[in-house]
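Letter 242 of the sequence shown, counting from 1, is numbered 228 in our numbering, and no numbers are missing.
The beta carbon of each residue, even a glycine, is placed where N, CA and C say it ideally should be.
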Amino acid sequence: MKTSINIIQPDDWHVHFREGEMLKVVTKYSARVNRRCIAMPNTTTPITSSIQAINYKKLIESNSNSINFEALIPCYLTNSLNIDDFTYALQKKIFVGGKLYPSNATTNSQHGVTDIKKIYNIFEIMEKENSVLLIHGELNRDDIDIFDREKYFIDEELYQIRNTFKNLKIVLEHVSSDYGVDFVNSNQNIAGTITPHHMLLTKDDVFKNEDINPHHYCMPVVKNEKDLIALRKAACFDNNKFFLGTDSAPHHTNDKVQNQSLKPGIFSSPCSIELYATIFEEENALGNLEQFSSINGPLFYGLEINKETLTLDKRSKEINEFTEEGNIRIKNFSIDKKINWKVL
Ligand code: NCD
Ligand code: ZN
Ligand code: ZN
């Protein structure tokens, strides 16, 4: 039995660092194990211009406690983007890609896109620049059940985007269903990120009768056992179309109070790689962890694979219930089972 594994240093292709005091507290947890992170641009004032991206990148990196850490920033796509600035920033690699939030699908998506067809001109530019379109793939409409939003987005929007821009690289973020896994597997130029929580929880962990467990509530919501199994298989075995993206999304505990302002999002960065290692071990696939955590992502984004390595030891990792510093108090993601791996 292995007591230690050594992997190429991972990257996290989907994290929320937020702003202000929160950013100062959370950034170091991601930089603890990752060499690069995609810092999602859904800040309170979304990141939509090159100058904002440059400043946000600097801010994150200077709070990372690591000289080697790099933040990659996608542009928050809106109906009213400055196209010249956007194109310039793609060419200069100031933006790593563009992030599509359908309006009102998730946290701070009120600035998102109302009619996706209206930004097809942006996709055309991205395709030409060989850039990456990152998508929160959920359709939020009153007649669509919360558990079916991903499927509807795929059927009503994503097929069409895929068929119109055949060379555009697309990442379906936080894939949450077997339907999403199948879509990624059966289409060209599309990859998916998978979070630890979508491989550990089902809807019974979130919804019990009328109650919601706010700390397991996220978008897209976790689904059924069959979805969890499909996601585990995709991450651990199918292997070159899926990569690590925690979607670590911290919120103040005050924003996690039931029936008031319940914000979706799970904060997992204090134990992210350890959770993935525990899952891969359960699937007898520890040998495939590196491919998922450190190789598939850079290959898809056209970036270099990291030269640094990371060691995980087989010993149990304890996590505090909260991350608390100054005025910040965030519930850390926790599960019932033991976490068997630890980065020292
Ligand atoms: C994310 C957040 O809080 O920013 N929340 C979430 O539940 N995943 C936004 C997102 O990634 O959709
Ligand atoms: Zn999202
Ligand atoms: Zn996210």
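- Classified as buried, residue 108 has 16 or more neighbouring CB atoms from the shown chains inside 10 Å of its CB.
- Separation of residue 157 and residue 14 (C-alpha to C-alpha, rounded to the nearest whole angstrom) is 25 Å.
- In the three-state reduction of the DSSP assignment, residue 315 falls in the strand class.
- Annotation for residue 155: 118 and 175 place their beta carbon closer than 6 Å to its own, counting only its chain and skipping 5 residues before and after.
- Under the three-state reduction of DSSP, residue 14 is assigned to helix.
- Taking a 10 Å sphere around the C-beta of residue 145, we find fewer than 16 other C-beta atoms and assign the residue as exposed.
- About 6 Å separates the beta carbons of residue 64 and residue 97, which is inside the 8 Å limit, making them a contact pair.
- Contact between residue 25 and residue 1 holds, with the beta-carbon distance rounding to 6 Å and staying under 8 Å.
- Of the other Cβ atoms in all chains shown, fewer than 16 fall within 10 Å of the Cβ of residue 100; this residue is therefore exposed.
- Summarising the contact set, residues whose Cβ lies nearer than 6 Å to any heavy atom of ligand 3 are, in chain order, 0, 2, 26, 233 and 235.
- Assignment of beta-bridge partners to residue 177 by DSSP yields 157.
- Inter-residue distance for residue 122 and residue 30 is about 17 Å (C-alpha atoms, whole angstroms).
- With contacts defined by Cβ atoms closer than 8 Å, residue 94 and residue 32 form a contacting pair.
- Annotation: residue 203 is outside any beta strand (DSSP E) and is labelled neither H nor E by DSSP.
- Scanning the stretch 22 to 68 for uninterrupted alpha helix (DSSP H) segments of 4 residues or longer gives 36 to 48, listed from N- to C-terminal end.
- In this structure, the alpha-carbon of residue 59 lies about 9 Å from that of residue 79.
- By the Cβ rule, the stretch 232 to 248 does not count as touching the stretch 288 to 295, because fewer than three pairs are nearer than 8 Å.
- With fewer than 16 other Cβ atoms inside 10 Å of its own Cβ, residue 131 counts as exposed.
- The criterion of a C-beta distance shorter than 8 Å is not satisfied by residue 86 and residue 49.
- In this structure residue 286 is buried. Its beta-carbon is surrounded by 16 or more other beta-carbon atoms within 10 angstroms.
- Runs of alpha helix (DSSP H) with 4 or more residues, each lying fully within the stretch 116 to 172, are found at 135 to 139, 145 to 150 and 164 to 171, listed in chain order.
- In this structure, residue 192 lies away from residue 227, with their beta-carbon atoms at least 8 Å apart.
- Distance check between residue 253 and each of 274, 273, 215 and 309 places 309 closest, using alpha-carbon atoms only.
- Ligand 2 never approaches residue 183 closely enough for any of its heavy atoms to be under 7 Å from the residue's Cβ.
- DSSP places residue 297 in the uninterrupted beta strand (DSSP E) bounded by 295 to 300.
- Between the C-alpha atoms of residue 35 and residue 70 there is a straight-line separation of about 10 Å.
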